[in-house]
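Visitor: I have a structure I would like to understand better, so I am pasting it below and will then ask my questions one at a time.
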Amino acid sequence: MEKAFVYGVSVENENFTDRIKETKRLKLNFTNGLNTILISPRRMGKTSLVKKVIDTLDNPEIKVVYMDAYDCRSEYDFYNKFAASVIKQTSSKVDQWLENAKEFLVRVSPKISFSPDPTMDYSVSFGITPETHSPEEILSLPELIGAKKNMHIVVCIDEFQQIGEFPDSLDVQKRLRSVWQHQKYTSYCLFGSKKHLMTKLFQNKRMPFYQFGEMMYLDKISTEDWVSYIQSRFKSRNKEISEDWCLEICKMTDNYSSYVQQLAWNVLAETDKYVGEEEFKAAKEAMLAQCDALFVQQIQGLTSYQMNLLRAICNGVNNEFMSKKVMDTYNLGTKSNFARIKNALIEKELIEERKDGLYLSDPIFKIWFNSNYND
3 MEKAFVYGVS VENENFTDRI KETKRLKLNF TNGLNTILIS PRRMGKTSLV KKVIDTLDNP
63 EIKVVYMDAY DCRSEYDFYN KFAASVIKQT SSKVDQWLEN AKEFLVRVSP KISFSPDPTM
123 DYSVSFGITP ETHSPEEILS LPELIGAKKN MHIVVCIDEF QQIGEFPDSL DVQKRLRSVW
183 QHQKYTSYCL FGSKKHLMTK LFQNKRMPFY QFGEMMYLDK ISTEDWVSYI QSRFKSRNKE
243 ISEDWCLEIC KMTDNYSSYV QQLAWNVLAE TDKYVGEEEF KAAKEAMLAQ CDALFVQQIQ
303 GLTSYQMNLL RAICNGVNNE FMSKKVMDTY NLGTKSNFAR IKNALIEKEL IEERKDGLYL
363 SDPIFKIWFN SNYND
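Below you can see the structure in the form of structure tokens.
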């Protein structure tokens, strides 16, 4: 059944809106073998964009491998998932990937796990360890397959920032870069949900992945496009929403893609026929309630100084934090400790640093925080 609005998962088909320019560019990079790094705030639709481009590729000489590194906690967690993803997604049948595993990965005992649900896919594991395989063997896998089959392989890795959390992370990054940068049949699309970590990996001149590929920054979808999209989805459900209420949805969510979809769905759910003030208010309250548990978890363990900095930013203070007036008004402690307070909140992704100052990273968190902790 077609959904009116989609959030919390990647968006596709009719629920994917705009991104025409970015889709065209990313597809061009895929078809020309260029490495791409996608960076943007959370909830901007990076995963949806990548999957959209994958769906539009119709060149039989290009094979795309998609991997999510979210649950990888160590270097060899990554290698096992990398190898399984490459072998499985470059083969059309189970018996074919078994043959590929034996040909391209010696000393492995492949295992297949089938779900009892017939609609679910199977999983593959190889039991790769430092004793059985070197990193170079695993990282060269797509290149070997591409050369043997005379095809170009695009490896898309979601949540790539996880490698920054591995033990000996810098050494791991050096190993990946040293192998991948010389490959001719393979290119990479690397992206993740933690902007500050992705920025650190790819924009710091001292890091191994500096200038590894083209940097693409996903900006917010325009309000004009969102208004048209929201009204069309309401119309598909025989309901009506005015442009003004669409603008309110965009304003409250600051055009963050996932939040726009979530709030629009809440408004739709509260509406019988026409959207009015009562329906929008109920939708807003539902939105805050849906996010409450997550936001409570995010502020657990924060110090009083960290909470005070959040209050200051919520009240429109974005710079000059070291001034006596701001320090005294919001009780931010000592000047020597301010950098520590700021960096801790950036690390938790509660705030972000822009050219003109500090801002809350999440527009809905700001509303929630103001309602509950900023009297």
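Using this note's numbering, the first residue of the sequence shown is number 3, and each one after it goes up by one.
Every residue gets a Cβ at the ideal spot worked out from N, C-alpha and C, and that includes glycine.
Which residue comes first and which comes last in the beta strand (DSSP E) that contains G209?
Guide: On the sequence shown, position 207 is the one that residue 209 refers to. The sequence given here places Met at residue 209; Gly does not occur at that position. Unbroken run through M209: none, as it is neither H nor E.
Visitor: How about L311 and L334: do their beta carbons lie closer than 8 Å?
Guide: Counted from its first residue, the sequence shown places residue 311 at position 309. Counted from its first residue, the sequence shown places residue 334 at position 332. Against a cut-off of 8 Å, the Cβ pair of L334 and L311 comes out as a contact.
Visitor: Could you name the residues of the same chain whose beta carbon sits closer than 6 Å to that of Y81, not counting the 5 residues immediately before and after it, in chain order?
Guide: Within the sequence shown, the letter at position 79 stands for residue 81. Correct list, in chain order: I130, I140.
Visitor: Taking the alpha-carbon positions, what's the K48 to N240 distance?
Guide: Counting from one through the sequence shown, the residue named residue 48 turns up at place 46. Counting from one through the sequence shown, the residue named residue 240 turns up at place 238. Approximately 30 Å between the Cα atoms of the pair.
Visitor: Just reading off the alpha helix (DSSP H) that Y78 is part of, what are its end residues?
Guide: Locating residue 78 in the sequence shown gives position 76, counting from the first residue. Element bounds for Y78: 77-91.
Visitor: How would you write the range of the alpha helix (DSSP H) that T38 sits in, first residue to last?
Guide: In the sequence shown, residue 38 corresponds to position 36, counting from 1. T38 -> not in any alpha helix (DSSP H); beta strand (DSSP E) instead, spanning 38-41.
Visitor: What number of angstroms, rounded off, separates the C-alpha of K54 from the C-alpha of E24?
Guide: The residue you call residue 54 lines up with position 52 of the sequence shown. The residue you call residue 24 lines up with position 22 of the sequence shown. About 11 Å.
Visitor: Does the separation of the CB atoms of A86 and S127 fall below 8 Å?
Guide: If you number the sequence shown from 1, residue 86 lands on position 84. If you number the sequence shown from 1, residue 127 lands on position 125. Against a cut-off of 8 Å, the Cβ pair of S127 and A86 comes out as a contact.
Visitor: Between C74 and K83, what straight-line distance do the alpha-carbon atoms span, to the nearest angstrom?
Guide: Numbered from 1 along the sequence shown, position 72 holds the residue referred to as residue 74. Numbered from 1 along the sequence shown, position 81 holds the residue referred to as residue 83. About 8 Å.
Visitor: Helix, strand or coil for M218, going by three-state DSSP, please let me know.
Guide: As a first step, residue 218 is located in the sequence shown; it is residue number 216 there, counting from the start. M218: strand per DSSP, three-state reduction.
Visitor: Taking S76 as the reference, which of Q263, F168, V156 has the closest Cα?
Guide: Against the sequence shown, residue 76 aligns to sequence position 74. Checked all of Q263, F168, V156; the closest Cα to S76 is F168.
Visitor: Look at the alpha carbon of E245 and the alpha carbon of D256, and state the distance between them as a whole number of angstroms.
Guide: Working through the sequence shown from its first residue, we reach residue 245 at position 243. Working through the sequence shown from its first residue, we reach residue 256 at position 254. Their backbone Cα atoms lie some 16 Å apart in a straight line.
Visitor: Just to confirm, are F204 and I64 a CB contact at a threshold of 8 Å?
Guide: As a working note, residue 204 is residue 202 in the sequence shown. As a working note, residue 64 is residue 62 in the sequence shown. No.
Visitor: How many angstroms separate the CA atom of A285 from the CA atom of I147?
Guide: Counted from its first residue, the sequence shown places residue 285 at position 283. Counted from its first residue, the sequence shown places residue 147 at position 145. One C-alpha to the other measures close to 51 Å.
Visitor: Determine, using beta carbons only, whether I41 and M254 come nearer to each other than 8 Å.
Guide: Start at 1 with the first residue of the sequence shown, and residue 41 comes out as number 39. Start at 1 with the first residue of the sequence shown, and residue 254 comes out as number 252. The answer is no: Cβ separation not under 8 Å.
Visitor: Against chain D, with Cβ distances strictly below 8 Å, would F162 count as a contact?
Guide: Checking the listed chains, one finds no chain D in this structure; it contains a single protein chain.
Visitor: Pairs of beta-carbons, one from the segment 277-284 and one from the segment 301-315, closer than 8 Å: are there three or more?
Guide: Cβ pair count under 8 Å is below three, so no.
Visitor: E355 lies in the beta strand (DSSP E); which residues open and close that run?
Guide: Residue numbering aside, residue 355 sits at position 353 when the sequence shown is read from its first letter. Residues 353-356.
Visitor: Note down, in chain order, each residue of its chain lying with its Cβ closer than 8 Å to the Cβ of V67, except the 5 sequence neighbours on either side.
Guide: The residue given as residue 67 occupies position 65 in the sequence shown. Once the five neighbours on either side are set aside, the close Cβ partners of V67 are S87, V88, Q91, T92, P144, I155, V156, V157, C158.
Visitor: With 16 as the cutoff for other CB atoms within 10 Å, does Y212 come out buried or exposed?
Guide: Taking the first residue of the sequence shown as position 1, residue 212 is located at position 210. Label assigned to Y212: exposed.
Visitor: Quick test of your reading: E216 and N31, contact by CB under 8 Å. State the CB separation rounded to the nearest angstrom.
Guide: Stepping through the sequence shown from its first residue, residue 216 is reached at position 214. Stepping through the sequence shown from its first residue, residue 31 is reached at position 29. With a Cβ gap of about 6 Å, E216 and N31 count as contacting.
Visitor: What distance in whole Å lies between the Cβ atoms of R45 and Y231, which are believed to be in contact at a cut-off of 8 Å?
Guide: Taking the first residue of the sequence shown as 1, we reach residue 231 at position 229. Taking the first residue of the sequence shown as 1, we reach residue 45 at position 43. With 8 Å as the limit, Y231 and R45 do not qualify as a contact, their Cβ atoms being about 16 Å apart.
Visitor: Roughly how far, in whole angstroms, is the beta-carbon of Y190 from the beta-carbon of N37, given that I think they are within contact range, below 8 Å?
Guide: What you label residue 190 is simply residue 188 of the sequence shown in a count that begins at 1. What you label residue 37 is simply residue 35 of the sequence shown in a count that begins at 1. Right, their Cβ atoms sit about 5 Å apart.
Visitor: With the cut-off set at 8 Å, would you say E301 and Y361 are in Cβ contact?
Guide: Sequence index remark: in the sequence shown, residue 301 carries index 299 (1-based). Sequence index remark: in the sequence shown, residue 361 carries index 359 (1-based). According to the sequence shown, residue 301 is Ile rather than Glu. Contact flag unset, no.
Visitor: Can you tell me which of K326, G194, S224, W182 puts its alpha carbon nearest to the alpha carbon of D160?
Guide: The count along the sequence shown starts at 1 and reaches residue 160 at position 158. Per the Cα distances, G194.
Visitor: Work out the CA separation of T331 and M122 for me, nearest whole Å.
Guide: Counting from one through the sequence shown, the residue named residue 122 turns up at place 120. Counting from one through the sequence shown, the residue named residue 331 turns up at place 329. Its pLDDT being 48, under 50, M122 is placed unreliably in this model, and the coordinates cannot settle the point.
Visitor: What first and last residue would you give for the beta strand (DSSP E) that runs through Y361?
Guide: As a first step, residue 361 is located in the sequence shown; it is residue number 359 there, counting from the start. Looking at the DSSP string, the run of the beta strand (DSSP E) that includes Y361 is 359-362.
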